[in-house]
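Undergrad:
In this note's numbering, the protein residues as written are 172 to 689.
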């Protein structure tokens, strides 16, 4: 009897285990959406994962069936016409350096690569205003990307110092007598040598009145924070031109960044033939094996559509209620809910051009402008919110789309892996060597490349955000109507030089401060 009960117990136990195993096998089939994130580049929580459907299906179907127009293509790819402006960075016979420096200037820069880049330019200008010796700027760890890359990890410090040797004295590190002046030193207590309340866009006089006395008394002054701390207006022309000299001449990336960027550009210009495409080894080929192949043209698309951007915009991106709640929670966590756009409806935000373009929308813009599905597109982006599920529509429109991962091997990317600033530096380098650059929404990368390409007279498409927002709200618009409106609305937004207005950034609008009309 006891043996019979034992056998019955074993049988029931085995049956339960079998049922559990069967349940584990069929559960993903019943609820596939819960397991999709593990097979896609996607948000990190189940709650916000809801694969978005195309929001402009009518336009998308027409765009996928678009025909190639030869004349239109040649106009698109034509280099920017000479606009009569030339770079001008001051007199060749610059005054010599003062014999004595007033002291050492330290700056601590936060933000991403391009915000820090502008801060470096401002630091050189402030050192000039104060007749100070600049210590190579300290780059803070970005709280969003957690990148600890230093100045020397990103920029060629010897080139930087050499280009500016006749403008200001620069040192890589403080002498021993000032070695105590560190970030940790200023983090522990209020220090007399730290200036922590420099106003945004401060005037030259502010620095002379508030920082110069600290330099004279202590031999050193440390400004933290420093981003956006120098005015764009009412400065001597030589200071403005010095800022441009730093931005466009002194700041070049370290050799390994330039080498990788050059390799990517070469692979975009000289893609492998059909016989090579089946092999993965072509990614490792040296860049001098182009043979007699004619160089191809390509577009760099900066797709600024990360979670931070999506949440801060407060726009609806078609991910449903779960996505809305997830982004609202993110806004509360990061900004305690204090986001200006939150008080407006999605329709109001879009009609004002305040929503970043999704991968689908930027794809429709490019298609409407005349780029066909043979266009080589380089995607410059750190991380797209929604991953491949959102990018797939853009990829359908432009199947020859590439990025760092598709063009370079893991071994080639080992020095930049997980480092947002170095990844952005590679994209910046490729962006400066493309035939056309376009950004999906305004931001620091957009502003930096628009200014740099203006300085070099290169074609750059600036999306008309207000127009596009209103067009995408019209669900009844036909492809021909959409296309005509897009073409007309972007005729004067393809690199035509615009003069800087008061309060505008000299790094985005270098004329007339740093350019002269020939």
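Every residue gets a Cβ at the ideal spot worked out from N, C-alpha and C, and that includes glycine.
Which one of 507, 485, 509, 531 has the shortest CA to CA distance from residue 520?
TA: Of the candidates 507, 485, 509, 531, the one whose C-alpha sits nearest the C-alpha of residue 520 is 485.
Undergrad: Assuming residue 477 and residue 554 are in contact, meaning their beta carbons sit under 8 Å apart, how far apart are those beta carbons, in whole angstroms?
TA: Right, the Cβ-Cβ distance comes to about 5 Å (below 8 Å), so this counts as a contact.
Undergrad: With three or more C-beta pairs closer than 8 Å as the rule, is the segment 327-343 touching the segment 295-307?
TA: At 8 Å Cβ cutoff, the stretches touch.
Undergrad: Assuming contact is defined by CB atoms lying nearer than 7 Å, are residue 225 and residue 529 in contact in what I supplied?
TA: No. Outside cutoff.
Undergrad: Quick check on this structure: which residue in 298, 289, 411, 279 has the alpha carbon closest to the alpha carbon of residue 268?
TA: Ranking 298, 289, 411, 279 by Cα distance to residue 268 puts 298 first.
Undergrad: DSSP has residue 392 in a bridge; who is on the other side?
TA: DSSP, once it has assigned bridges, lists 276 as partnering residue 392.
Undergrad: For the pair the segment 423-433 and the segment 313-333, tell me if three or more CB-CB distances fall below 8 Å.
TA: A contact exists between the segment 423-433 and the segment 313-333.
Undergrad: Rank 256, 635, 508 by C-alpha distance to the C-alpha of residue 524 and give the top, closest one.
TA: Closest by alpha carbon: 635.
Undergrad: Given residue 526, which residues of its chain have a CB within under 7 Å of its CB, disregarding the five upstream and five downstream residues?
TA: 484, 486, 520, 640.
Undergrad: If you draw a straight line from the alpha carbon of residue 343 to that of residue 288, how long is it in whole angstroms?
TA: Spanning the two alpha carbons is a distance of roughly 17 Å.
Undergrad: For the candidate residues 252, 318, 364, whose alpha-carbon lies nearest to that of residue 589?
TA: Checked all of 252, 318, 364; the closest Cα to residue 589 is 318.
Undergrad: May I ask which residues mark the beginning and end of the beta strand (DSSP E) holding residue 687?
TA: First-last of the beta strand (DSSP E) with residue 687: 686-688.
Undergrad: Let me check understanding here. Comparing Cα to Cα, which of 683, 681, 633, 684 lies closest to residue 660?
TA: For the residues 683, 681, 633, 684, the minimum Cα distance to residue 660 belongs to 633.
Undergrad: Where residue 557 and residue 491 are concerned, what is the direct C-alpha to C-alpha distance, given to the nearest angstrom?
TA: Whole-angstrom Cα-Cα distance: 13 Å.
Undergrad: Suppose contacts are defined by Cβ-Cβ distances below 7 Å. Is residue 352 in contact with residue 393 by that definition?
TA: In contact: residue 352 and residue 393 (Cβ atoms closer than 7 Å).
Undergrad: Using 10 angstroms around the beta-carbon of residue 447, count the other beta-carbons present and answer buried if the total reaches 16, otherwise exposed.
TA: In this predicted model, residue 447 has a pLDDT of only 42, less than 50, meaning its place in the structure is not dependable; the value taken from the coordinates is given anyway. With fewer than 16 Cβ atoms within 10 Å of its Cβ, residue 447 is classed as exposed.
Undergrad: Since residue 522 is in the beta strand (DSSP E), which residue starts that stretch and which ends it?
TA: Looking at the DSSP string, residue 522 is not in any beta strand (DSSP E); the run it does join, the alpha helix (DSSP H), is 517-522.
Undergrad: Tell me which residue opens and which closes the beta strand (DSSP E) that residue 473 is part of.
TA: Note, residue 473: beta strand (DSSP E), 469-473.
Undergrad: Measure the CB-CB distance between residue 474 and residue 552 and report whether it falls below 7 Å.
TA: Result yes, Cβ atoms of residue 474 and residue 552 sit closer than 7 Å.
Undergrad: Rounded to a whole number of angstroms, what is the C-alpha to C-alpha distance between residue 380 and residue 386?
TA: About 11 Å.
Undergrad: Expressed to the nearest angstrom, what Euclidean distance is found between the alpha-carbon atoms of residue 406 and residue 369?
TA: Roughly 17 Å separates the two Cα atoms.
Undergrad: Let me check one thing: in DSSP terms, what residues is residue 607 bridge-paired to?
TA: Answer is 470.
Undergrad: For residue 606, count neighbouring C-beta atoms within 10 Å of its own C-beta (all shown protein chains included) and say buried if the count is 16 or more, exposed if not.
TA: Buried.
Undergrad: Evaluate residue 586 with the Cβ neighbour count: other Cβ atoms within 10 Å of its Cβ, from every protein chain shown; 16 or more gives buried, anything less gives exposed.
TA: Residue 586 comes out exposed.
Undergrad: Taking the continuous beta strand (DSSP E) assigned at residue 669, which residues delimit it?
TA: Premise fails: residue 669 is in no beta strand (DSSP E) and is neither H nor E.
Undergrad: Considering residue 564, what are the terminal residues of the alpha helix (DSSP H) in which it resides?
TA: Here the alpha helix (DSSP H) through residue 564 covers 559-568.
Undergrad: May I ask which residues mark the beginning and end of the beta strand (DSSP E) holding residue 256?
TA: Start and end: 256-258.
Undergrad: So residue 371 and residue 399 are in contact, right, with Cβ under 8 Å, and what is the actual spacing, rounded?
TA: Correct: roughly 5 Å between the Cβ atoms.
Undergrad: Which residue comes first and which comes last in the alpha helix (DSSP H) that contains residue 298?
TA: Unbroken alpha helix (DSSP H) run through residue 298: 284-301.
Undergrad: I'd like to confirm the pairing. Which residues does DSSP put opposite residue 341 in its beta bridges?
TA: Answer is 305, bridged to residue 341.
Undergrad: Taking three-plus beta-carbon pairs below 8 Å as touching, is the segment 512-519 in contact with the segment 535-553?
TA: Not touching, per the Cβ criterion.
Undergrad: How should residue 404 be labelled, buried or exposed, when 16 other C-beta atoms within 10 angstroms of its C-beta is the threshold for buried?
TA: Burial call: exposed.
Undergrad: So, with DSSP's three-state summary, where would you put residue 184?
TA: Below a pLDDT of 50, predicted positions are generally treated as unreliable, and residue 184, at 49, falls in that range; the measurement from the model is reported next regardless. Correct three-state label for residue 184: helix.
Undergrad: For the alpha helix (DSSP H) containing residue 547, name the first residue and the last one.
TA: Premise fails: residue 547 lies in the beta strand (DSSP E), 547-551, not in any alpha helix (DSSP H).
Undergrad: Among 253, 643, 270, 668, whose alpha-carbon lies nearest the alpha-carbon of residue 531?
TA: When only C-alpha atoms are compared, the closest one is 643.
Undergrad: Please state whether the Cβ-Cβ distance between residue 285 and residue 603 is less than 7 Å.
TA: Their beta carbons are not under 7 Å apart, which means residue 285 does not touch residue 603 by this criterion.
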